[in-house]
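J.: What follows is a single structure, and I will ask about it in a moment.
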């Protein structure tokens, strides 16, 4: 009748630290999957992703396309009967997947990178530059022409600036990014 | 005391007409905003998707900018920016460790006292009575589907400004303009804006469902308050039509544009010429009503 | 004083982490200890004999038993010692199991701690005084609160044993939720057919005083001696004069002003009504909030048509006082409402299921009425929106239950069973219909329960889908159900004609208020707490107050009935003697030092502290002091700790006894 000591996998500990949540609260009711807008496009349901974590099958979760297809709409989080913030788990898994070198959905990742580069370089996101950078890094993507054909209309309507807007605090933001990456050793 | 204004990147670009119409409407309502000095991007869906601390530091910089300027509140019209600013302040005040980390990156302190509101709350503050009072055009011929999208109402622990599942606050404002808010089912369904560029096929499918449901419930227009939703619902209609030739068009307006229409402001002054789906027909009826009234 | 120390090994339970032989040996040298020994099972017959023998052999005056918690065997050893001629209150227990062996791994430190605790107990027992139990008389008359199946069962059992019962029901009729049910699981027998004979039996029982449309307003006194105030609400109909002919109901012009509570809002009722045809008593009541007379001063048609002049518009509430010996609380439950909760409500409601705005989304009790032959659709499946027969029906379980976010953490226990029954009833009525059940787990523990669920699936063809539904919305006359089958891992969308939500069983809204009136604890959900979850499941922690049915937690009919009979048995045990004996561990006020600040009265959870006037020989008031009612005091000691002038002491736990215990520990 002595106390129980549990030993958690370090990866699980990292996930629970990143999400500030106990993964075992999920009782697999599937309400998250039932309301997920990208459910029809994802092979693996969102509840399966957290199930993988519960079973210790971390690689399966980190390699799943679902974590990249998550639209961060918070529907799952809002409706979870156990108050588990699944959207936050998806964030954490994306971060870990990058750290561990898994990049299953190039399109989404490249987009995020291009977006952050805009902020780093200019302080604000500059949409034309974003589309350009993203498309260049993702040249094989078929979506290239889909957006490029609306771009001229956007320019005409004055919706896309030809030149980026550089904020005064640009240097400070750049410094912030540098400081952060130096510390994390991230790219 | 003026309300602080955080336009966000989209309002300088694809969501320009949101900014234009907001400012134009406020002029008629005699209220002013004070822009946050040298504001920067909040990181939106990208930063928190890949990087936790950075995703808090980016919005946090704007909180410090506003603080240092002496503002007590910030109005962020973009739903994503609003959500990020609000949840950043809230989560930093709950987690001292991360707060210290973020403050180290910013080389500044967060006091956590800013009131962060969205455009609906802002108009609630101004008062719907003021809209009713200054209303010049009868919009009762217009059936409006109010679209909240996901981020506006799903604030998690950070707060609650309207019911997460059955919000009605936008309808109250639309009703004040005289237009008829309709009942429909996809008010808070996600349009997939985060994947707007990376997974166009998903976004098209989600967007089509939303548009179709609004039209099935006899909406003449969709009204919303998020530039990301707007570029999806408005611009993506062109792509949808390519894949579904029978697809009907429906104009998508910013809430501020609709208020502007009710106040009798010309469409161009509201930036309504910048839409992909033509708003001409709407504006023509507006003009006719205007003439008839005169 | 000669004290004996008896160390129990409790098999391995204590023996594993406490060196009992060593401990017994070292305790022998504590001053005052005449004999110290250990044994494998001290609570066993040989163990008890060992104690008795030692008392006789050594002429002991007091006993310390080092064993398990006093909750377990204090009584055993007191009895044993008493058998050997020692006052039972000169027995002390040192808890070396729960407080030592179960929480420590290490033998030397465990043994050391055990020795300390024993030494401490020895010092206490040196200061113990022989005490005698308190004797109070018993009023052999029971109060049963709530006239559902639990209250009916308890009342009948007690009355059939020959004791008088006052049965109080707040609604105009007894019968409770069971009277609303169509058929019952797992036998599918008609609920009313088995219930109404019991209702009539209550009404006709010479030992039962039935007070419907009444509520308990105040309870004073203590076990065996309660004084209860009951408010009999104005019915506007004179009970004794009404013969239940129903003419007033027939002629009442306000036919569609109020939704019938009994029909769960699916039908109307007039302003003057009986809840349902088999109501007991069959005496109508006027709902003054909708009656034309109370609004405009005109009408009085019911009065005109009543041949017995039984209508009394001026009737007022009356307060009855009853002398009661025991109380059974059988106040039942409410169903979690699917409508948007009022501000300040403990639960959030289900916006994703439309907050009850969709007409064809109903709850379990509404389905019961729809399936009932006496219900608003005469037992036919007709959906509320257009009266059409639903060809595709979806049942959703765990709405409000097992939901930390929008409802309650607990499982409502009966929904798995009644949903299986609903699916079955539906398939029996609509042969070509499809029935889907969204569930998380199927909890069908109970005699013939699992077999019942399997029958629904295998024979009646109900399709079970494992997953919670995320959203419901109305589109083109259908309710769109968005779910996921978590077993196959596929999203499921069903365009249903009707949806039934198996909503949680929740505590009555007024339950906490009643619990406060009774002075019994309730949990955070508003359910009345039992005294011990295993061994005292029908007792409240206040003497003489017992619990039955869903007032305590979600329960089905068989369980409610068993609990009611158990509570009735407890009442009968209490009534079996004229005098009640109870522990003398109660607070006592030293009147000479009491300053009459009455802090003790404020902190007493049992309303046991009263004001006592001290007068001189001439009847002149000298001072007012606190006085402890021995019947009510539970000996918790809160007053003792609060008293600023140190005038309250707990008999058996006086300050000097406690100090001696602490000092003994300090010797280390």
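Residue numbers (my numbering), protein chains in the order written: chain F, 413 to 599; chain G, 3 to 296; chain Z, 31 to 698.
No residue lacks a Cβ here, since even glycine has one placed at the ideal position from N, Cα and C.
None of the values given here were measured: they were computed from a predicted structure.
(1) Below 7 angstroms CB to CB, which residues in the same chain sit around residue 31 of chain Z once its five sequence neighbours on both sides are set aside?
(2) Quick one, which residues of the stretch 443-458 of chain F are near chain G if we go by CB-CB under 8 angstroms, in chain order?
(3) With residue 355 of chain Z and residue 172 of chain Z assumed to form a contact (beta carbons below 8 angstroms), what rounded beta-carbon distance in angstroms separates them?
(4) In whole angstroms, give me the CA-to-CA distance for residue 434 of chain Z and residue 500 of chain Z.
(5) State yes or no: is the C-beta of residue 151 of chain G within less than 8 angstroms of the C-beta of residue 450 of chain F?
(6) Name the residue from F:577, F:533 and F:491 whose alpha carbon lies nearest to the alpha carbon of residue 590 of chain F.
(7) Kindly indicate the opening and closing residues of the beta strand (DSSP E) around residue 76 of chain G.
(8) Would you list the one or two residues that DSSP bridges to residue 66 of chain Z?
(9) Would you mind telling me which residues of chain A sit closer than 8 angstroms to residue 503 of chain Z, beta carbon to beta carbon, in chain order?
(10) Within the 8 angstroms Cβ cut-off, does residue 382 of chain Z reach chain F?
(11) Straight-line CA distance for residue 413 of chain Z to residue 21 of chain G?
(12) Drop a sphere of 10 angstroms on the beta-carbon of residue 282 of chain G, count the other beta-carbons inside from all chains shown, and report buried for 16 or more, exposed for fewer.
(13) Whole angstroms is fine: what's the gap from residue 441 of chain F's alpha carbon to residue 583 of chain Z's?
(14) Smallest Cα separation from residue 470 of chain Z: which of Z:477, Z:428, Z:491 and Z:503?
(15) Pick out whichever of G:29, G:70 and G:142 has its Cα sitting closest to the Cα of residue 109 of chain G.
(16) How many angstroms separate the CA atom of residue 372 of chain Z from the CA atom of residue 379 of chain Z?
(17) Measuring CB to CB, does residue 559 of chain Z end up less than 8 angstroms from residue 551 of chain Z?
(18) Counting contacts by CB-CB distance shorter than 8 angstroms, is residue 366 of chain Z in contact with chain G?
(19) Taking only beta carbons into account, state which residues of the stretch 492-517 of chain Z come closer than 7 angstroms to chain F, listed in chain order.
(20) So residue 64 of chain G and residue 87 of chain G are in contact, right, with Cβ under 8 angstroms, and what is the actual spacing, rounded?
(21) For a cutoff of 8 angstroms on Cβ pairs, would you count residue 143 of chain Z as touching chain F?
(22) Count the other C-beta atoms from every protein chain shown that fall within 10 angstroms of the C-beta of residue 578 of chain F, then say buried if there are 16 or more, exposed otherwise.
(23) Along the chain, which unbroken stretches of the alpha helix (DSSP H) at least 4 residues long are found entirely within the stretch 444-512 of chain F?
(24) Would you kindly work out how many angstroms separate the C-alpha atoms of residue 427 of chain F and residue 511 of chain F, rounded to a whole number?
(25) Less than 8 angstroms between the beta carbons of residue 139 of chain G and residue 266 of chain G, yes or no?
(26) Tell me, which residues are paired with residue 204 of chain Z by DSSP?
(27) Use the C-beta contact count for residue 290 of chain G: other C-beta atoms within 10 angstroms, 16 or more gives buried, fewer gives exposed.
(28) Since residue 424 of chain Z contacts residue 315 of chain Z with CB under 8 angstroms, what's their CB separation in whole angstroms?
(29) Tell me whether the beta-carbon of residue 404 of chain Z lies closer than 8 angstroms to the beta-carbon of residue 309 of chain Z.
(30) Whose C-alpha, out of Z:606, Z:598, Z:672 and Z:618, is nearest the C-alpha of residue 180 of chain Z?
(31) Apart from the five residues just before and just after residue 17 of chain Z, which ones in its own chain have a Cβ nearer than 8 angstroms to its Cβ?
(32) Whole angstroms is fine: what's the gap from residue 435 of chain F's alpha carbon to residue 168 of chain G's?
(33) Which parts of the stretch 215-241 of chain Z are runs of the alpha helix (DSSP H), unbroken and 4 residues or longer, counting only runs that do not cross its ends?
(34) Below 8 angstroms on the Cβ atoms is my guess for residue 242 of chain Z versus residue 300 of chain Z; work out the distance and round it to an integer in Å.
(35) What does residue 460 of chain F reach in chain Z if we use C-beta pairs closer than 7 angstroms?
(36) Roughly how many whole angstroms lie between the Cα atoms of residue 14 of chain G and residue 197 of chain G?
T.: According to the data block:
(1) Taken in chain order, the residues that qualify are 62, 91, 92 and 156.
(2) Answer set for the stretch 443-458 of chain F: 449, 450, 452 and 453.
(3) The Cβ separation is near 7 angstroms, so the contact holds.
(4) Distance between the alpha carbons of residue 434 of chain Z and residue 500 of chain Z is about 15 angstroms.
(5) No, Cβ-Cβ distance for residue 151 of chain G and residue 450 of chain F is not below 8 angstroms.
(6) Closest in C-alpha terms to residue 590 of chain F, from the list F:577, F:533 and F:491, comes F:533.
(7) From DSSP, the beta strand (DSSP E) with residue 76 of chain G extends over 75-77.
(8) Bridge partners of residue 66 of chain Z: Z:35.
(9) This model lacks chain A altogether, as its protein chains are F, G and Z.
(10) Residue 382 of chain Z counts as touching chain F.
(11) Rounded to the nearest angstrom, the two C-alpha atoms are 49 angstroms apart.
(12) It is exposed - the Cβ of residue 282 of chain G has fewer than 16 other Cβ atoms within 10 Å.
(13) Cα-Cα distance, rounded: 24 angstroms.
(14) Of the listed residues, the one whose Cα sits closest to residue 470 of chain Z is Z:428.
(15) Nearest in C-alpha terms to residue 109 of chain G, of all of G:29, G:70 and G:142, is G:70.
(16) Approximately 9 angstroms between the Cα atoms of the pair.
(17) Yes.
(18) Answer no: the Cβ-Cβ gap between residue 366 of chain Z and chain G never drops below 8 angstroms.
(19) The stretch 492-517 of chain Z vs chain F, Cβ under 7 angstroms: 497, 498, 499, 500, 501, 512, 513, 514 and 516.
(20) Indeed, because the Cβ distance is near 7 angstroms, the residues count as touching under 8 angstroms.
(21) No, no contact with chain F.
(22) So residue 578 of chain F ends up on the exposed side.
(23) The qualifying runs are 458-467, 470-475, 478-481, 487-491 and 498-511.
(24) Rounded to the nearest whole angstrom, the CA to CA distance from residue 427 of chain F to residue 511 of chain F is 13 angstroms.
(25) Contact: yes.
(26) Answer is none; residue 204 of chain Z lacks a bridge partner.
(27) Around the beta carbon of residue 290 of chain G, fewer than 16 other beta carbons lie within 10 angstroms, which makes this residue exposed.
(28) Not confirmed; about 37 angstroms, so no contact.
(29) Their beta carbons are not under 8 angstroms apart, which means residue 404 of chain Z does not touch residue 309 of chain Z by this criterion.
(30) Checked all of Z:606, Z:598, Z:672 and Z:618; the closest Cα to residue 180 of chain Z is Z:598.
(31) For chain Z, the structure presents residues 31 to 698; residue 17 of chain Z sits outside this window and is missing.
(32) Those two C-alpha atoms are separated by around 29 angstroms.
(33) Correct list: 221-234.
(34) With a Cβ gap of about 19 angstroms, residue 242 of chain Z and residue 300 of chain Z do not count as contacting.
(35) In chain order: 519.
(36) Those two C-alpha atoms are separated by around 20 angstroms.
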